[in-house]
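Residue numbers (the UniProt record's numbering): 1 to 687.
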Amino acid sequence: IAATQPSTNWHLKENAREHHTSKFSSEELIVRRGQAFTITFNGTERPEQNLIFIAETGPKPSKATKTLATFDITSTVSKEGWSAVLQSTSSNSVSISISSPHNAVIGRYRLSVQSGSSSPEILGTFVLLFNPWSSGDDVFMPNKAECEEYVLEEFGIIFAGNKNHISSFGWNFGQFQGDILNICLSIMDRSLYYRQDPVTDVSHRHDPRYLGRVLSAMVNANDDQGVVLGNWSGKYEGGKNPSSWTGSGEILQSWKKSGFKPVKYGQCWVFAAVLTTVLRCLGIPTRTITNFSSAHDADGNLRVDEFYDADGNHLERGADSVWNFHVWNESWFTRNDLGPAYSGWQVLDATPQEESGGIYQCGPASRYAIKEGEVDLDYDGPFVFAEVNADCMYWNYDSATGKKTLIFSKSTEIGDSISTKAVGRDARVDVTSDYKYEEGSAKERDVFKKARKKLGLEDKFDPTAPKQEEIEQKPDISGKFKVAGSLEVGKDLNLLLVLENLQSDAKTVNVNMTAWSTLYTRRRVNQIWKDSISVTLAPKEEKQFPIKIKYPEYQQQLTTDKTIQVTALCHVEDGIQVLVQRNFILDNPAIDIQVLGEAKVNKEVVVEVAFTNPIDTEVKDCVLQVEGSDLLQGILELRIPPLKANEKSSTKFKLIPSEAGPKHLLVNFSCDKFADIKTFKMVNVIN
């Protein structure tokens with residue numbers, strides 16, 4: 001005969017408050033490990049002393065894999081395993097305080113109670129998460145303000161653009177909304193590791209190092225039908241343009257709704273933002289990091305080779321590349337495998353770039369190990385080290401003869417202005433010095449040599465003793481591109497090419513110039529413009545040559561990354577070639593948000609969004625997308641009528657905030673001439 005199921009009071013509110021899980025909107029108990037929670041149940045007609053509790057998780061719970069615990073009532077909390085301490089009893093109910101160990105496996109548990117020889121009665125299920133507030137936990141973060149930011153904050157700022165022009169946009173991580181926790185738990189159960197050996201996989205889920213690596217693989221679709229499918233082609237038919245997303249919730253929910261088919265499409269910040277959501281949801285402190293001039297060193301020699309033809313066109317030769325920016329994650333936990341010095345922030349990268357252990361996953365790499373050049377330590381040190389430290393070699397390649405000539409090399413190009421959001425405020429913090437010693441310092445070169453030595457690279461290429469073809473000659477002229485005027489979508493692009501003769505005799509220079517629209521990875525998509533000039537420079541003379549690229553010339557060709565790469569390859573008569581290059585990022589016009597009146601919990605408040613069409617032609621297909629955790633459910637999409645030249649539009653909509661505190665509203669506006677104009681506004685909601 002089936003046992004009568006006792007009714008359980010999980011004390012959801014009180015337990016959630018104690019465990020920092022109040023932000024989850026769940027009817028199920030969600031608690032953190034290594035900390036007590038209280039439950040009360042009735043229907044026990046027996047002495048409390050004989051009660052035995054059973055907590056179990058995973059497909060085949062066992063004591064050997066630490067996925068099954070049986071424990072009886074004791075007077076004190078156990079140091080090692082699970083324990084139950086009697087709180088109070090009444091005629092028909094009993095209150096118990098249950099504690100899990102600091103290193104318990106995380107996930108959904110089933111809790112049962114057994115008395116004497118009768119069969120166990122199920123009390124129900126609860127979810128156990130990592131606990132950064134508890135000093136015994138591997139993810140313990142002593143600074144409470146950092147716990148608030150890196151675990152509980154649902155809004156983030158992601159930095160983009162390039163090192164000369166850093167831009168930023170808001171992101172709604174939304175880790176506590178709706179069904180996100182359940183989706184995060186199902187991500188773990190769909191990994192290759194789980195499919196190959198579910199019992200072992202679940203038994204490793206006490207370890208943030210293991211889960212960080214598994215989830216870095218699962219957030220990309222490669223290998224395992226993971227969450228997001230990458231696309232760097234510039235063409236996004238059949239899915240959403242990566243730059244149109246404003247939060248992780250829509251992505252994770254689409255993945256679940258489609259029966260776990262990869263969501264189209266993502267680029268680096270999308271992978272990093274989704275991984276932030278999943279790890280924060282599970283309780284691992286996590287943030288996004290943007291590295292400017294980020295190297296993708298495909299062949300592991302800590303240098304990036306770029307090739308150009310005689311016209312100055314960048315050639316897609318070799319797999320190495322330099323991205324204007326790249327976004328990855330840092331998560332905070334101890335490295336018991338490496339030692340205390342290597343604990344703290346760990347680099348994880350969910351963007352599928354290179355395989356590690358046969359699948360597209362990256363990290364955790366200790367940030368301290370990267371700074372010290374300890375590239376032989378687990379995991380993926382050489383790749384991460386190269387992202388911030390690789391040397392750049394620029395070559396001229398003649399496809400007819402196959403001959404390559406070094407134009408110049410640079411050791412200070414890569415890994416610039418490494419950025420993350422400040423704790424508790426909407427500002428940028430530069431963390432470059434946590435990744436490397438100062439560029440050009442002796443210490444920085446020593447670390448670079450140490451890393452090369454560990455990788456056995458001294459023989460192949462030693463910067464101090466180059467092969468014949470790698471000897472750099474001194475150029476006769478120098479050049480640079482300057483901006484003359486504003487860099488705005490919808491306006492002409494006015495530049496100056498500045499050339500200077502460094503020698504004391506006159507020089508004749510033939511200059512081949514090209515401008516291409518590119519992705520943020522510097523992959524060329526469309527040629528916009530080309531020109532060539534021949535100039536004579538008197539001794540030590542500097543000359544400026546104006547360049548104008550008109551809006552109609554680039555309007556159709558621009559990618560949503562709004563990036564144009566301008567190159568001038570200067571052929572000096574009887575001298576060596578000089579490459580002048582710069583990536584320009586154009587700014588979208590601004591969009592303005594106003595909250596009309598006070599924002600109060602469960603009360604309607606009106607928001608107005610205004611946009612002025614800055615160009616002298618009509619814009620159409622205008623769509624406004626709005627989201628924000630605790631301000632509105634899901635995503636609001638509003639269609640806006642076409643706007644004539646220089647016309648202003650104003651759109652009003654209502655919000656009903658569900659929770660008090662500082663909340664962020666994110667807006668994304670698109671039309672046929674401007675893609676994904678983003679802005680955000682902090683809304684202070686009062687009770």
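Beta carbons: idealized from backbone N, C-alpha and C, even for Gly. Predicted model only: the values in this text are computed from it and were never measured.
What is the DSSP secondary structure of residue i, reduced to helix, strand or coil?
{"i": "Trp516", "result": "strand"}
{"i": "Cys570", "result": "strand"}
{"i": "Glu444", "result": "helix"}
{"i": "Ile370", "result": "helix"}
{"i": "Gly136", "result": "coil"}
{"i": "Gln177", "result": "coil"}
{"i": "Thr200", "result": "helix"}
{"i": "Tyr109", "result": "strand"}
{"i": "Met141", "result": "coil"}
{"i": "Val384", "result": "helix"}
{"i": "Leu211", "result": "helix"}
{"i": "Thr536", "result": "strand"}
{"i": "Arg428", "result": "strand"}
{"i": "Val375", "result": "coil"}
Starting from the Cα of residue i, find the closest Cα among the options and give me that residue.
{"i": "Leu666", "options": "Val685, Ala660 and Leu631", "result": "Leu631"}
{"i": "Gly174", "options": "Ser167, Ser100 and Cys184", "result": "Cys184"}
{"i": "Ser658", "options": "Asn222, Val605, Phe674 and Glu439", "result": "Val605"}
{"i": "Thr401", "options": "Pro352, Glu553 and Asp309", "result": "Asp309"}
{"i": "His165", "options": "Leu229, Lys562, Pro641 and Met218", "result": "Lys562"}
{"i": "Gly373", "options": "Val384, Asn526 and Val274", "result": "Val384"}
{"i": "Trp516", "options": "Ile585, Gly575 and Ser486", "result": "Ile585"}
{"i": "Thr514", "options": "Arg582, Val535 and Val151", "result": "Arg582"}
{"i": "Trp529", "options": "Lys540, Gln556, Asp505 and Arg32", "result": "Gln556"}
{"i": "Ala341", "options": "Gln353, Lys371, His326 and Pro352", "result": "Lys371"}
{"i": "Gly124", "options": "Lys654, Val489, Val483 and Ser7", "result": "Ser7"}
{"i": "His206", "options": "Trp232, Ala568, Gly226 and Pro101", "result": "Pro101"}
{"i": "Glu80", "options": "Tyr368, Phe71 and Leu86", "result": "Phe71"}
Is the separation between the beta-carbon of residue i and that of residue j shorter than 8 angstroms?
{"i": "Val572", "j": "Val626", "result": "no"}
{"i": "Ala645", "j": "Thr617", "result": "yes"}
{"i": "Val278", "j": "Trp245", "result": "no"}
{"i": "Gln114", "j": "Arg213", "result": "no"}
{"i": "Met393", "j": "Pro285", "result": "no"}
{"i": "Asn15", "j": "Phe37", "result": "yes"}
{"i": "Asp337", "j": "Ala319", "result": "no"}
{"i": "Ala84", "j": "Ala69", "result": "no"}
{"i": "Pro208", "j": "Phe130", "result": "yes"}
{"i": "Lys493", "j": "Tyr397", "result": "Correcting the residue type first, residue 493 is Leu in the shown sequence and not Lys. No, Cβ-Cβ distance for Leu493 and Tyr397 is not below 8 angstroms."}
{"i": "residue 724", "j": "Thr420", "result": "Nothing about residue 724 can be read from this structure; the chain reaches only from 1 to 687."}
{"i": "Val447", "j": "Tyr437", "result": "yes"}
{"i": "residue 718", "j": "Leu496", "result": "Residue 718 cannot be examined here, being either before or after the span of the chain that is shown, 1 to 687."}
{"i": "Thr347", "j": "Ile414", "result": "Checking the displayed sequence, the identity of residue 347 turns out to be Val instead of Thr. Taking 8 angstroms as the Cβ cut-off, Val347 and Ile414 do not qualify as a contacting pair."}
{"i": "Phe53", "j": "Leu128", "result": "no"}
If you draw a straight line from the alpha carbon of residue i to that of residue j, how long is it in whole angstroms?
{"i": "residue 694", "j": "Glu237", "result": "Residue numbering for the chain in the displayed model covers 1 to 687; residue 694 lies beyond these limits and cannot be assessed."}
{"i": "Ile106", "j": "Ala350", "result": "21 angstroms"}
{"i": "Gly161", "j": "Thr200", "result": "42 angstroms"}
{"i": "Pro463", "j": "Asn389", "result": "Residue placement at Pro463 is poorly supported in this model, since its pLDDT is 49, which falls under 50; the coordinates still yield a value, given next. About 14 angstroms."}
{"i": "Ser97", "j": "Lys66", "result": "20 angstroms"}
{"i": "Thr276", "j": "Tyr520", "result": "21 angstroms"}
{"i": "Tyr551", "j": "Val263", "result": "34 angstroms"}
{"i": "Ser343", "j": "Ala386", "result": "21 angstroms"}
{"i": "Pro662", "j": "His20", "result": "17 angstroms"}
{"i": "Ile477", "j": "Leu502", "result": "5 angstroms"}
{"i": "Phe669", "j": "Val623", "result": "6 angstroms"}
{"i": "Leu12", "j": "Thr612", "result": "48 angstroms"}
{"i": "Pro364", "j": "Trp345", "result": "9 angstroms"}
{"i": "Ala465", "j": "Val375", "result": "Since pLDDT at Ala465 reaches only 45, below the 50 mark, its modelled position is unreliable, and the value read off the structure follows with that caveat. One C-alpha to the other measures close to 23 angstroms."}
{"i": "Phe307", "j": "Thr405", "result": "9 angstroms"}
{"i": "Ile251", "j": "His326", "result": "20 angstroms"}
{"i": "Ala273", "j": "Glu149", "result": "14 angstroms"}
{"i": "Asp224", "j": "Gly230", "result": "13 angstroms"}
{"i": "Trp328", "j": "Met682", "result": "25 angstroms"}
{"i": "Gly234", "j": "Val525", "result": "7 angstroms"}
{"i": "Ala64", "j": "Ser203", "result": "9 angstroms"}
{"i": "His664", "j": "Gly634", "result": "14 angstroms"}
{"i": "Val31", "j": "Asp137", "result": "14 angstroms"}
Would you say the beta carbon of residue i is closer than 7 angstroms to some non-hydrogen atom of the ligand PLP?
{"i": "Tyr520", "result": "The ligand PLP is not part of the structure shown, which contains no ligands of any sort."}
Beta-carbon of residue i versus every beta-carbon of chain C: anything under 8 angstroms?
{"i": "Ser78", "result": "Going by chain labels, chain C is absent from the structure shown, which holds only one protein chain."}
Handout entry: Start-end ranges of the alpha helix (DSSP H) lying completely within the UniProt domain "Transglutaminase-like" (260-352), minimum 4 residues
Key = 268-282
- Enumerated in chain order, which unbroken segments of the beta strand (DSSP E) with a length of 3 residues or greater are wholly contained in the segment 573-641? 578-585, 591-596, 605-612, 622-627 and 636-640
Extract the residue ranges of the beta strand (DSSP E) inside the segment 22-110, only unbroken runs of 3 or more that lie entirely within it. 29-32, 36-42, 51-56, 68-74, 83-89 and 93-99
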